[in-house]
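Undergrad:
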Amino acid sequence: MATTDAAAPESAPDVLSTDDLRVTYGKVLALREIDLTVREGEVVSVIGPNGAGKTTLANTVSGFLDYEGSAEYRGREVADRSVSDLVSEGLIHCTEKRDLFGYMTVDDNLRLGAYRHGEDADERLEYVYDLFPALAERTEQNARTMSGGEQQMLAIGRALMGAPDLLVLDEPTLGLAPVILEDISDAIEEINDEGVTVLLFEQNVTFAMNHADRIYLLENGEVVREGSPGELRGDDYIRESYLGG
Amino acid sequence: MGLNLLAVAAVGGAGAPAAILQSGVSNIVVNGLIISALYAVVAIGFTLIFGVGGVLNLAHGASITVGAFGAYYVARVFGMGAWAGLVAGVLVAAAFGAALYLAMIRRMEDEPIMVMILTLVTAVAVEQFVLTVEGSQPKAIPALVGGVTRVAGTNLQHNLVVVFAVSWAIILALFLFVNYTDAGKALIATSMSRKGAALVGIESDRVNLATWVIAGALAGLAGVFLGSFQTAHWAMGRAPLVLSFTIVVLGGVGSIKGSVVGAYLIGFLEVITTRVFDPRLQTLVPLVVLLLVLLVKPEGLFGRELAEA
Ligand SMILES: Nc1ncnc2c1ncn2[C@@H]1O[C@H](COP(=O)(O)OP(=O)(O)OP(=O)(O)O)[C@@H](O)[C@H]1O
Ligand SMILES: [Mg+2]
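Listed below in structure tokens is the structure:
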């Protein structure tokens, strides 16, 4: 297994682990033999080109897709629980498409994020508005009228309202300008510092390398490399194919 | 539309022809107000199912029939009185909605065409069942309250006042439920994004079941009301189904406010057509409006803005 940083020692318990995980769409095999481990406190990134299976994997571990093999969250099989149970247990998924409530305000979207964690919703709301001041400036704006970057912040903010233990982020950088990328970047750091484990799916390899303790490279539904950012930077194949030589 | 009519009434003055005009107008206004409230109750259930589940429930009219005959049996056949009949009608129709969802719809939520076919078959089956068991003879459900008051030159049945008051109480209660309770917001959230709702931990199965139960109960209530100031008969659900379609197209999907506005537009149009022109046009009005709106403004008169309601 690859090296990890001090924040997430080898001894930290597994939050998520898959074993020979396979997913098919009809007859098409979308994921095969996926062995993925995410330990408490880590930022783990899964990188890969378009169509590699990142979104499929994200949807699978958060309970939206049927699978073969094993995928355990907190030591229990994902398939044995409903999505809403997983949400209650702190597995929160922020999707590639964001799936916001378009005709609701920022405030309502965020409050619904705490649907399963009503008690400290006000505190968490304050935390999210601190993290993303851009959201605090438009609490009454309808989600669908916001810019792509603002919507991404709202999607992450809504996920944080659910008090995540494991935050699954599917391509949070998709289509965002560099300035906003910075904001998202800082937010991920801060969220992880608060003790939230992060599973980050990314096509932006540089972005992933900046954050991840460990990285898996997914191609055609298979993990073809795994290791620390340092190890992968030294890998010829990765340098040539993903880091521009 | 209502305002225009009132303006005509005010201009009418005191002369004899004007008095007749005035009573005609107040008759239209009173009836329009009441019938529209009832239409809103019918349409809200239909639009909730469409908005939340994304499916058209063609058995919505059948729920009306089920409610009406539930009330007829308890009130008339078992002789337990009008109010027991009302409660029974609502409960039976709510159970009918729940059964439809649990037995069929839940399995094909992602196949709207299948849902249309299944609910259409169900609607026909309910009609044929009632026709076979009860025959084609209309049945009267006893009025909830008796008596008549003269208001502004028109006779007003107390029963209709109850229909109006209960309908509006329910519309307001639903509005408050949807906008100010967690469960209500979960319902609206599901209507906007099913995946989004699942992501925050809302169980779409339960939300869907709730909408089918609510829609069934509302349709049952409407069935009891319709049966008590008109009659209950095997095909009584057809016109309200078309009406629901039209109102939802007018008022926007999944919107309570939109349904109420749409119901009042249609209700008044219908009352005016039947009183001023020809009663036989009644069922034609919503159909014509439906066609016109679909041709001219298929996104509805209000778009989706109203969906927050
Ligand atoms: N619902 C589906 N039915 C059939 N095939 C699907 C479905 N969803 C995804 N696929 C296929 O599975 C493969 C993996 O798709 P996936 O969306 O997981 O890739 P991705 O890595 O997230 O890509 P991107 O970076 O473009 O988001 C693709 O070939 C895609 O066409
Ligand atoms: Mg993807």
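As you go down the protein sequences, you meet chains X and C in turn.
For this note's numbering, count along the first sequence from 1 and bump the result up by 53.
For this note's numbering, count along the second sequence from 1 and bump the result up by 984.
Beta carbons are placed, not taken as given, at the ideal position from N, Cα and C, and that holds for glycine.
So is VAL1184(C) in contact with chain X if we call contact Cβ pairs under 8 Å?
TA: yes
Undergrad: Indicate the three-state DSSP secondary structure (helix, strand or coil) for THR109(X) in the structure shown.
TA: helix
Undergrad: Confirm the yes/no value for this check: CB of ALA83(X), any heavy atom of ligand 1, distance under 7 Å.
TA: yes
Undergrad: Determine, for MET157(X), whether the minimum Cβ-Cβ distance to residues of chain C falls below 8 Å.
TA: yes
Undergrad: CA-CA distance, ARG92(X) and PHE1161(C)?
TA: 42 Å
Undergrad: Output the distance between the C-alpha atoms of SER1239(C) and ILE1028(C), rounded to the nearest integer angstrom.
TA: 8 Å
Undergrad: Counting only the same chain and skipping the five closest in sequence on each side, list residues whose C-beta sits under 8 Å from that of ARG1180(C).
TA: In the sequence as presented, Arg is not what sits at residue 1180(C); that position holds Gly. Answer for GLY1180(C): ALA1173, listed in chain order.
Undergrad: Counting only C-beta atoms, is MET1092(C) closer than 8 Å to chain X at any point?
TA: MET1092(C) does not count as touching chain X.
Undergrad: Report the partner residues of LYS150(X) according to the DSSP bridge assignment.
TA: The partner list for LYS150(X) (beta bridge, DSSP) is empty, contrary to what the question assumes.
Undergrad: Buried or exposed for VAL1061(C), please, with buried defined as at least 16 other CB atoms from any protein chain shown within 10 angstroms of its CB.
TA: It counts as exposed.
Undergrad: May I ask you to list the residues that DSSP assigns as paired with ASN1139(C)?
TA: ARG1134(C)
Undergrad: Rounding to the nearest angstrom, what Cα-Cα distance links HIS170(X) and VAL1245(C) in this structure?
TA: 36 Å
Undergrad: Taking 7 Å as the cut-off, does the CB of GLU255(X) come closer than this to any heavy atom belonging to ligand 2?
TA: Outside the cutoff, so no.
Undergrad: For the putative contact between THR250(X) and ILE237(X), defined by C-beta atoms under 8 Å, what is the C-beta separation to the nearest angstrom?
TA: Not really, about 17 Å apart at Cβ, beyond 8 Å.
Undergrad: For LYS1123(C), does the three-state DSSP call read helix, strand or coil?
TA: strand
Undergrad: Under 9 Å Cβ-Cβ, which residues of chain C neighbour LEU153(X)?
TA: MET1176, SER1177, GLY1180
Undergrad: Exposed or buried, ALA103(X), counting other C-beta atoms within 10 Å across all chains shown (16 or more means buried)?
TA: Before going further, note that residue 103(X) is Asn rather than Ala in the sequence given. Exposed, by the Cβ-count rule.
Undergrad: Starting from the C-beta of TYR288(X), find all residues in its chain whose C-beta is less than 7 Å away, skip the five residues before and the five after it, and write them out in chain order.
TA: According to the sequence displayed, residue 288(X) carries Asp and not Tyr. Same-chain partners within the cutoff: ARG278.
Undergrad: List, from N- to C-terminal side, the beta strand (DSSP E) runs of 3 residues or more that fit wholly inside the segment 143-194 of chain X.
TA: 144-147
Undergrad: Can you tell me whether DSSP reads LEU1144(C) as helix, strand or coil?
TA: helix
Undergrad: May I have all residues whose beta carbon comes closer than 5 Å to any heavy atom of ligand 2, sorted in chain order?
TA: LYS107(X), THR108(X), GLU149(X)
Undergrad: So what does DSSP say about ALA993(C), is it helix, strand or coil?
TA: Its pLDDT being 35, under 50, ALA993(C) is placed unreliably in this model, and the value from its coordinates should be taken loosely. If DSSP states are grouped into helix, strand and coil, ALA993(C) belongs with the helices.
Undergrad: Indicate, with yes or no, if ligand 1 has a heavy atom lying under 7 Å from the CB of GLU121(X).
TA: no
Undergrad: Which residue wins for smallest C-alpha separation from ALA212(X), given the options ASP183(X), TYR168(X), MET199(X)?
TA: TYR168(X)
Undergrad: Look up GLY248(X) in the DSSP assignment and say whether it is helix, strand or coil.
TA: coil
Undergrad: Could you check whether the Cβ of ARG191(X) sits closer than 8 Å to any Cβ belonging to chain C?
TA: The C-beta of ARG191(X) comes no closer than 8 Å to any C-beta of chain C.
Undergrad: Have a look at GLY999(C) and ASN1163(C) and give me their C-alpha separation to the nearest angstrom.
TA: Confidence in GLY999(C) is poor, its pLDDT being 46 and thus under 50, which makes the residue's placement too unreliable to answer from.
Undergrad: Less than 7 Å separating the Cβ of GLY104(X) from some heavy atom of ligand 1?
TA: yes
Undergrad: Leaving out the 5 sequence neighbours to the left and right, which residues in its chain are closer than 6 Å to ALA240(X) when beta-carbon positions are compared?
TA: LEU184
Undergrad: When you compare each of ALA1046(C), VAL1260(C), ARG1178(C) to ALA1109(C) by their alpha carbons, which one comes out closest?
TA: Considering only alpha carbons, the answer is ALA1046(C).
Undergrad: Do the segment 1116-1125 of chain C and the segment 1204-1216 of chain C meet, that is, are 3 or more Cβ pairs less than 8 Å apart?
TA: yes
Undergrad: Could you spell out the range, first to last residue, of the beta strand (DSSP E) harbouring THR71(X)?
TA: Unbroken beta strand (DSSP E) run through THR71(X): 67-78.
Undergrad: Suppose you measure from the CA of ALA1199(C) to the CA of HIS1044(C); what does that come to, to the nearest Å?
TA: Rounded to whole angstroms, ALA1199(C) to HIS1044(C) spans 8 Å at the Cα level.
Undergrad: Are there three or more Cβ pairs, one per stretch, closer than 8 Å when the segment 117-125 of chain X is compared with the segment 1141-1159 of chain C?
TA: Result no; under three Cβ-Cβ pairs closer than 8 Å.
Undergrad: Considering just the uninterrupted stretch of the alpha helix (DSSP H) at ALA928(C), what are its terminal residues?
TA: Absent from the structure is residue 928(C), since the part of chain C shown begins at 985 and ends at 1293.
Undergrad: Got a sec: does ligand 1 put a non-hydrogen atom nearer than 7 Å to the Cβ of TYR1023(C)?
TA: no
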